[in-house]
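Peer 1: Before I ask anything, here is the structure I am working with.
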Amino acid sequence: EADIYQTPRYLVIGTGKKITLECSQTMGHDKMYWYQQDPGMELHLIHYSYGVNSTEKGDLSSESTVSRIRTEHFPLTLESARPSHTSQYLCASSAVSGTGAYEQYFGPGTRLTVT
Amino acid sequence: DAKTTQPTSMDCAEGRAANLPCNHSTISGNEYVYWYRQIHSQGPQYIIHGLKNNETNEMASLIITEDRKSSTLILPHATLRDTAVYYCIVLKYNFNKFYFGSGTKLNVKP
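For the record, the sequence lines run as chains A and B.
Taking the working numbering, I'd label the letters of the first sequence as residues 6 to 120.
Taking the working numbering, I'd label the letters of the second sequence as residues 3 to 112.
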């Protein structure tokens, strides 16, 4: 069982509010990721990080920002939430397993609704 | 990373083997084939990976063709809990990021 946590699990918030989705892992993984997924649709990578002070934008353009000040923590921030940001946000970290596989470990996700 | 092509959906009877195909005709020599699955709206879960040889673990078997242009994930005795979206991904050894694509929706029926 991977130790990667996301809070909150569910968030309903009004338009224009600033929100931060928290993600933390206790496995010491350098690589971390944020994905966005609408119900029944593909996972889209929106941000990733190779380590502390490293952040990159993913394949899907997003108005969110991320930071990586500590290895274990990779928060995602929306400065001004809009209804178009309504989605599920999944955080992940990755490492090489004992079998040599690059495995991604996912958190439980945050389901965001912007009204 | 090479692109993959998978059927949109497949049905399988409970207790029977589920064979999920994946085409990766542009795969290069240093790219691995990975399979993940996503049950409902949970985060994807690693299943198995391989380079050239067939692989088996407690969850599944992976058969890679000799030319490496396609592969098949085999769930030997599918259960209702195996109903999920299955993703075939091709990755270089020193990968930076995964591209999950649309995957195959496997429906295991009683």
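Backbone N, C-alpha and C fix where the C-beta goes; we use that ideal spot for every residue, glycine too.
Just so we're clear, the structure is a prediction, and the values are computed from it rather than from any experiment.
Kindly list, in the order they appear in chain B, the residues whose Cβ is closer than 9 Å to that of E47 of chain A.
Peer 2: Here residue 47 of chain A refers to the residue found at position 42 of the first sequence. Residues of chain B passing the Cβ test: F102, G103, S104, G105.
Peer 1: Below 9 Å on C-beta distance, what does A106 of chain A contact in chain B?
Peer 2: In the first sequence, counting from the first residue as 1, residue 106 of chain A sits at position 101. Chain B residues near A106 of chain A: Y34, Y36, Y48, I50, H51.
Peer 1: Can you look up P9 of chain B in the DSSP assignment and give me helix, strand or coil?
Peer 2: Against the second sequence, residue 9 of chain B aligns to sequence position 7. Residue state, collapsed to three classes: coil.
Peer 1: Could you tell me which chain E residues have their CB closer than 9 Å to the CB of L50 of chain A, listed as they occur along the chain?
Peer 2: In the structure shown, chain E cannot be found, because the protein chains are A and B.
Peer 1: When the cut-off is 8 Å and only beta carbons count, does N93 of chain B lie next to chain A?
Peer 2: If you number the second sequence from 1, residue 93 of chain B lands on position 91. Checking the displayed sequence, the identity of residue 93 of chain B turns out to be Leu instead of Asn. It does: the Cβ of L93 of chain B has a partner Cβ on chain A nearer than 8 Å.
Peer 1: Using a threshold of 8 Å, state whether the C-beta atoms of H26 of chain B and S63 of chain B are closer than that.
Peer 2: Mapped onto the second sequence, residue 26 of chain B falls at position 24. Mapped onto the second sequence, residue 63 of chain B falls at position 61. No, the Cβ-Cβ distance between H26 of chain B and S63 of chain B is not below 8 Å.
Peer 1: For L75 of chain B, does the three-state DSSP call read helix, strand or coil?
Peer 2: Locating residue 75 of chain B in the second sequence gives position 73, counting from the first residue. Strand at L75 of chain B.
Peer 1: Suppose the cutoff is 8 Å on Cβ atoms and the five residues either side in sequence are ignored; what does the same chain contact list for A16 of chain B look like?
Peer 2: In the second sequence, residue 16 of chain B corresponds to position 14, counting from 1. In the sequence as displayed, the identity of residue 16 of chain B is Glu instead of Ala. Result list for E16 of chain B: A80, T81, L82, V110, K111, P112, in chain order.
Peer 1: Quick check on the burial criterion: 16 or more other C-beta atoms within 10 angstroms. Buried or exposed for S59 of chain A?
Peer 2: As a working note, residue 59 of chain A is residue 54 in the first sequence. S59 of chain A comes out exposed.
Peer 1: Measure the C-alpha to C-alpha separation of Q41 of chain A and S89 of chain A and round it to an integer number of angstroms.
Peer 2: Translated into the one-based positions of the first sequence, residue 41 of chain A becomes position 36. Translated into the one-based positions of the first sequence, residue 89 of chain A becomes position 84. One C-alpha to the other measures close to 12 Å.
Peer 1: Which chain A residues sit within Cβ distance under 7 Å of G31 of chain B?
Peer 2: Against the second sequence, residue 31 of chain B aligns to sequence position 29. Those within 7 Å of G31 of chain B in chain A number zero; the least Cβ separation is about 17 Å.
Peer 1: Indicate the three-state DSSP secondary structure (helix, strand or coil) for H26 of chain B in the structure shown.
Peer 2: For the purposes of this step, residue 26 of chain B is taken as residue 24 along the second sequence, with counting starting at 1. H26 of chain B: coil per DSSP, three-state reduction.
Peer 1: Just how far apart, CA to CA, sit I18 of chain A and K54 of chain B?
Peer 2: Counting from one through the first sequence, the residue named residue 18 of chain A turns up at place 13. Counting from one through the second sequence, the residue named residue 54 of chain B turns up at place 52. Cα-Cα distance, rounded: 49 Å.
Peer 1: Near N59 of chain B, which residues of its chain fall below 7 Å by C-beta distance, leaving aside the five closest residues on each side in sequence?
Peer 2: Residue mapping note: residue 59 of chain B aligns to position 57 of the second sequence, counting from 1. Excluding residues within five positions, the ones whose Cβ falls inside 7 Å are I50.
Peer 1: Under 8 Å, do C4 of chain A and G112 of chain A count as touching if we go by C-beta distance?
Peer 2: Within the shown structure, residues of chain A are numbered from 6 to 120, placing residue 4 of chain A beyond reach of any answer.
Peer 1: Between V27 of chain B and chain A, is any beta-carbon pair separated by less than 8 Å?
Peer 2: Counted from its first residue, the second sequence places residue 27 of chain B at position 25. Residue 27 of chain B is actually Ser in this sequence, not Val. Cβ-Cβ to chain A under 8 Å: no for S27 of chain B.
Peer 1: Please report the Cβ distance between Y89 of chain B and W37 of chain B, rounded to the nearest whole angstrom; I am assuming they are in contact, meaning their Cβ atoms lie under 8 Å.
Peer 2: Within the second sequence, residue 89 of chain B is the residue found at index 87, counting from 1. Within the second sequence, residue 37 of chain B is the residue found at index 35, counting from 1. With 8 Å as the limit, Y89 of chain B and W37 of chain B qualify as a contact, their Cβ atoms being about 7 Å apart.
Peer 1: Thinking L83 of chain A and I24 of chain A are a contact (beta carbons under 8 Å), I'd like their distance in whole angstroms, please.
Peer 2: The residue you call residue 83 of chain A lines up with position 78 of the first sequence. The residue you call residue 24 of chain A lines up with position 19 of the first sequence. Between I24 of chain A and L83 of chain A the Cβ distance is about 5 Å, and since that is below 8 Å, they are a contact.
Peer 1: Exposed or buried, what is S85 of chain A when buried is set at 16 or more other beta-carbons lying within 10 Å of its beta-carbon?
Peer 2: To locate residue 85 of chain A, count along the first sequence from 1; it is residue 80. Answer is exposed; the Cβ neighbour count stays below 16.
Peer 1: Which chain B residues sit within Cβ distance under 7 Å of G112 of chain A?
Peer 2: Locating residue 112 of chain A in the first sequence gives position 107, where the first residue counts as 1. Those are G45, listed as they occur along chain B.
Peer 1: Residues of chain B with CB closer than 7 Å to the CB of L95 of chain A, please, in chain order.
Peer 2: Counted from its first residue, the first sequence places residue 95 of chain A at position 90. Here the neighbours are G45.
Peer 1: Which class does R83 of chain B belong to by DSSP, given the choice of helix, strand or coil?
Peer 2: Here the question's residue 83 of chain B lines up with position 81 in the second sequence. The answer is helix: DSSP assigns R83 of chain B an H, G or I state.
Peer 1: Alpha carbon to alpha carbon, how far is T12 of chain A from V71 of chain A? Give it in angstroms, no decimals.
Peer 2: Here residue 71 of chain A is taken as the residue at index 66 of the first sequence, counted from 1. Here residue 12 of chain A is taken as the residue at index 7 of the first sequence, counted from 1. Cα to Cα, V71 of chain A sits roughly 15 Å from T12 of chain A.
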